[in-house]
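Read the structure below first, then the notes.
Numbering (the numbering used here), first residue to last: 249 to 733.
Spelled out as structure tokens, the structure:
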């Protein structure tokens, strides 16, 4: 069987996170690794001209087409499904990933989609491919949905994969031509490792713990090292894309020890910078983790501070961390020359003073790498359920293109929309790397590779970051929807 796996592109619609990072479509790499006996190709439309999709359909002529999408990419994925059926009307289309799991009705509302994979795909996809090759039946495949005689068929849920060490390794060879163009902010080219799945916490805005049924599962330290050893050549950053990398502190220390041993032996990862996502209370509780990891190359930790308001942290976000946790964590990181990638959620109900308070905080804390996102109601989240219960608004009523974390939906902004986006743009213009002394610090500490920034892709990243400081970039998506703004 020939399988074409496609990652959609929304750069023409939204400024979104494509300006902050572009990493390999790990879900597709994992799914491809689950069917080694079949011929797979990956088409990353973020890095292709639009016509490349039809060209791939005609040249490769796949037997199955696989799509993945986050909610912001759902309309782009539907458009790809429609285009695929125009070229290859009899080839089945399978849609998996977060949106297929969290918004199944929306996915199946697209008549060009034949199957949806719910939850993890590494065990489900091979079974589905074999069934498609046989011409069915499909009822015995756990974790899928499909239509039969205009009726939706939901098979029983598939149990989560208990032992993550049994997962296939990502098929990095399938994205080799794209690899030089995968980057993480201004840190350079990136390769990713997923060392665990899920999160034991239950923040109201987050879909990760819902998707993973609030279970935290982890790979062994030896398996994590094996994945690091398989990362592509030429990368500058190895990024752990776990939602919460330091849930298990002893495991984190063991991984650092194994990396240290290999660094001393001169392995291929010597000289890599490391990036991970953790909680501020992890850092405050275990400063030894920062100290140990800094010695093996950790340069940046993404920390979801989210808000400076106690009420928002507790009531709106259900975050269960405090501003004091964040301040302690930032001090610990400064002590060990580890930079924070600070994440803050902009509440649409903020007044100008709230933006001023946030700007003052991040400048006072000398934070360099900053991510200001708008409170976003994702399908399947607690926030979505609250919105429907309290306001009678369904997530399905919100345009998908506005679910990219950088656009206001519900609640509507207190400030006029242009003024609201001007406040966000001003944050990007006046904080972090916009401050020359902070930029020089990151260059000096080896976080920013100056030579890479001078390259073609580096200059492109700088231009993309520039979009975030312009209100017009945010307003574009609203205007494309016909809104008068």
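Backbone N, C-alpha and C define an ideal beta-carbon position, used for all residues, glycine too.
Checklist entry - Excluding five sequence neighbours on each side, which residues of the same chain lie with their C-beta closer than 6 Å to the C-beta of residue 362? => result For this step, residue 362 is matched to residue 114 along the chain shown. Taken in chain order, the residues that qualify are 340, 341.
Item to check | 6 Å Cβ shell around residue 631 - same chain, five flanking residues per side excluded | outcome: Walking along the chain shown from the start, residue 631 turns up at place 383. Answer for residue 631: 452, 453, 625, listed in chain order.
Next on the checklist: If contacts are defined as beta-carbon pairs under 8 Å, then residue 723 and residue 710 qualify, I think. What distance do you get, rounded to the angstrom?
Outcome noted: On the chain shown, position 475 is the one that residue 723 refers to. On the chain shown, position 462 is the one that residue 710 refers to. Actually they are not in contact, since the Cβ atoms of residue 723 and residue 710 sit about 22 Å apart, beyond 8 Å.
Checklist entry - residue 296 lies in the alpha helix (DSSP H); which residues open and close that run? => result Residue numbering aside, residue 296 sits at position 48 when the chain shown is read from its first letter. Where residue 296 is concerned, there is no enclosing alpha helix (DSSP H), given that its DSSP letter is neither H nor E.
Checklist entry - Which stretch, first to last residue, makes up the beta strand (DSSP E) that contains residue 662? => result Start at 1 with the first residue of the chain shown, and residue 662 comes out as number 414. Looking at the DSSP string, residue 662 is not in any beta strand (DSSP E), and its letter there is neither H nor E.
Checklist entry - Checking contacts by CB at 7 Å: is residue 468 closer than that to chain B? => result This model lacks chain B altogether; it includes just one protein chain.
Item to check | Per DSSP, cross-strand counterpart(s) of residue 620 | outcome: Taking the first residue of the chain shown as 1, we reach residue 620 at position 372. In DSSP, residue 620 forms a bridge with 592.
Item to check | residue 461 in three-state terms, based on DSSP | outcome: Indexing the chain shown from 1 puts residue 461 at position 213. Coil.
Checklist entry - Just how far apart, CA to CA, sit residue 553 and residue 449? => result Taking the first residue of the chain shown as 1, we reach residue 553 at position 305. Taking the first residue of the chain shown as 1, we reach residue 449 at position 201. Using only the alpha carbons, I get a separation of about 15 Å.
Checklist entry - Rounded to a whole number of angstroms, what is the C-alpha to C-alpha distance between residue 716 and residue 616? => result Within the chain shown, the letter at position 468 stands for residue 716. Within the chain shown, the letter at position 368 stands for residue 616. Between residue 716 and residue 616, the C-alpha separation is close to 15 Å.
Next on the checklist: Rounded to the nearest angstrom, what separates residue 653 and residue 513 at their Cα positions?
Outcome noted: Mapped onto the chain shown, residue 653 falls at position 405. Mapped onto the chain shown, residue 513 falls at position 265. If I take the Cα positions, the gap works out to 42 Å.
Next on the checklist: Please identify the residue among 394, 366, 387 whose C-alpha is closest to the C-alpha of residue 356.
Outcome noted: Translated into positions along the chain shown, residue 356 becomes position 108. Measuring C-alpha to C-alpha distances from residue 356 to each of 394, 366, 387 identifies 394 as the nearest.
Item to check | Cβ-based burial, residue 439 [other Cβ within 10 Å; buried from 16] | outcome: On the chain shown, position 191 is the one that residue 439 refers to. Residue 439 should be labelled buried.
Next on the checklist: Please return the same chain residues whose Cβ sits closer than 8 Å to the Cβ of residue 493, not counting the five positions on each side in sequence.
Outcome noted: Position 245 of the chain shown, counting from 1, holds the residue named residue 493. In the same chain as residue 493, and ignoring 5 residues on each side of it, the C-beta atoms closer than 8 Å to its own belong to 443, 444, 500, 524, 525, 526, in chain order.
Next on the checklist: Could you tell me the alpha carbon to alpha carbon distance between residue 666 and residue 719, rounded to whole angstroms?
Outcome noted: Residue numbering aside, residue 666 sits at position 418 when the chain shown is read from its first letter. Residue numbering aside, residue 719 sits at position 471 when the chain shown is read from its first letter. Across the structure, residue 666 and residue 719 are spaced so that their CA atoms are roughly 7 Å apart.
Item to check | Best match in 638, 675, 601 for proximity to residue 662 [C-alpha to C-alpha] | outcome: Translated into the one-based positions of the chain shown, residue 662 becomes position 414. Residue 601 is the option with its Cα nearest to residue 662.
Item to check | Three-way DSSP call (helix, strand, coil) for residue 754 in this model | outcome: Here the chain has residues from 249 to 733 only, and residue 754 is not among them.
Item to check | alpha helix (DSSP H) runs contained entirely in the segment 321-352, provided each spans 4 or more residues | outcome: For secondary structure counted as the alpha helix (DSSP H) over 4 or more consecutive residues, the segment 321-352 holds these complete runs in sequence order: 322-335, 346-350.
Next on the checklist: Under 8 Å, with one C-beta from each stretch per pair, do the segment 675-685 and the segment 459-467 reach the 3-pair mark?
Outcome noted: No, the segment 675-685 is not in contact with the segment 459-467.
Item to check | Continuous alpha helix (DSSP H) stretch holding residue 727: start and end | outcome: Translated into the one-based positions of the chain shown, residue 727 becomes position 479. Start and end: 719-728.
Checklist entry - Touching or not, the segment 363-379 and the segment 274-284, by the rule of three or more beta carbon pairs under 8 Å? => result Because the criterion of three Cβ pairs below 8 Å is met, the segment 363-379 and the segment 274-284 touch.
Checklist entry - residue 368 by DSSP, collapsed to three states: which one? => result To locate residue 368, count along the chain shown from 1; it is residue 120. Of the three classes helix, strand and coil, the one that applies to residue 368 here is coil, per DSSP.
Item to check | Distance between residue 422 and residue 249 (C-alpha atoms, nearest Å) | outcome: Translated into the one-based positions of the chain shown, residue 249 becomes position 1. Translated into the one-based positions of the chain shown, residue 422 becomes position 174. Approximately 16 Å between the Cα atoms of the pair.
Checklist entry - According to DSSP, is residue 711 helix, strand or coil? => result By 1-based counting over the chain shown, the position of residue 711 is 463. If DSSP states are grouped into helix, strand and coil, residue 711 belongs with the helices.
Checklist entry - Among 465, 367, 577, 446, which one has its Cα closest to the Cα of residue 410? => result Along the chain shown, one-based indexing puts residue 410 at 162. Measuring from the Cα of residue 410, the nearest candidate turns out to be 465.
Next on the checklist: Does the segment 640-652 come into contact with the segment 581-588, if we say contact requires no fewer than three beta-carbon pairs (one atom in each stretch) closer than 8 Å?
Outcome noted: Here the segment 640-652 does not lie against the segment 581-588, with fewer than 3 beta-carbon pairs under 8 Å apart.
Item to check | Which of helix, strand or coil DSSP assigns to residue 415 | outcome: To locate residue 415, count along the chain shown from 1; it is residue 167. Correct three-state label for residue 415: coil.
Item to check | Distance, residue 384 Cα to residue 402 Cα | outcome: Here residue 402 refers to the residue found at position 154 when the chain shown is read from its first residue. Here residue 384 refers to the residue found at position 136 when the chain shown is read from its first residue. Rounded to whole angstroms, the separation of the alpha carbons of residue 384 and residue 402 is 15 Å.
Checklist entry - On the premise that residue 278 lies in contact with residue 416, defined as a C-beta separation below 8 Å, what is that separation, rounded to the nearest angstrom? => result Taking the first residue of the chain shown as 1, we reach residue 416 at position 168. Taking the first residue of the chain shown as 1, we reach residue 278 at position 30. That pair is a contact at about 7 Å.
Checklist entry - Buried or exposed: residue 530, going by 16 or more other Cβ atoms within 10 Å of its Cβ? => result Walking along the chain shown from the start, residue 530 turns up at place 282. Counting Cβ neighbours within 10 Å, residue 530 comes out buried, since at least 16 surround it.
Checklist entry - According to the Cβ coordinates, are residue 542 and residue 575 closer than 7 Å? => result Counting from 1 along the chain shown, the entry for residue 542 is found at position 294. Counting from 1 along the chain shown, the entry for residue 575 is found at position 327. No. Outside cutoff.
Checklist entry - Quick one: what's residue 522 bridged to in DSSP? => result Numbered from its first residue, the chain shown carries residue 522 at position 274. Per DSSP, 486, 546.
Item to check | C-beta atoms of residue 482 and residue 269 nearer than 7 Å | outcome: In the chain shown, residue 482 corresponds to position 234, counting from 1. In the chain shown, residue 269 corresponds to position 21, counting from 1. Result no, Cβ atoms of residue 482 and residue 269 do not sit closer than 7 Å.
Checklist entry - Where does residue 438 fall in DSSP's three states? => result In the chain shown, the residue the question calls residue 438 occupies position 190. Strand, per DSSP.
Checklist entry - Hey, residue 620 and residue 635: beta-carbon distance below 7 Å or not? => result As a working note, residue 620 is residue 372 in the chain shown. As a working note, residue 635 is residue 387 in the chain shown. No, they are not a contact pair.
Next on the checklist: Quick check: residue 437 and residue 484, are their CB atoms within less than 7 Å of each other?
Outcome noted: Numbered from its first residue, the chain shown carries residue 437 at position 189. Numbered from its first residue, the chain shown carries residue 484 at position 236. Contact: yes.
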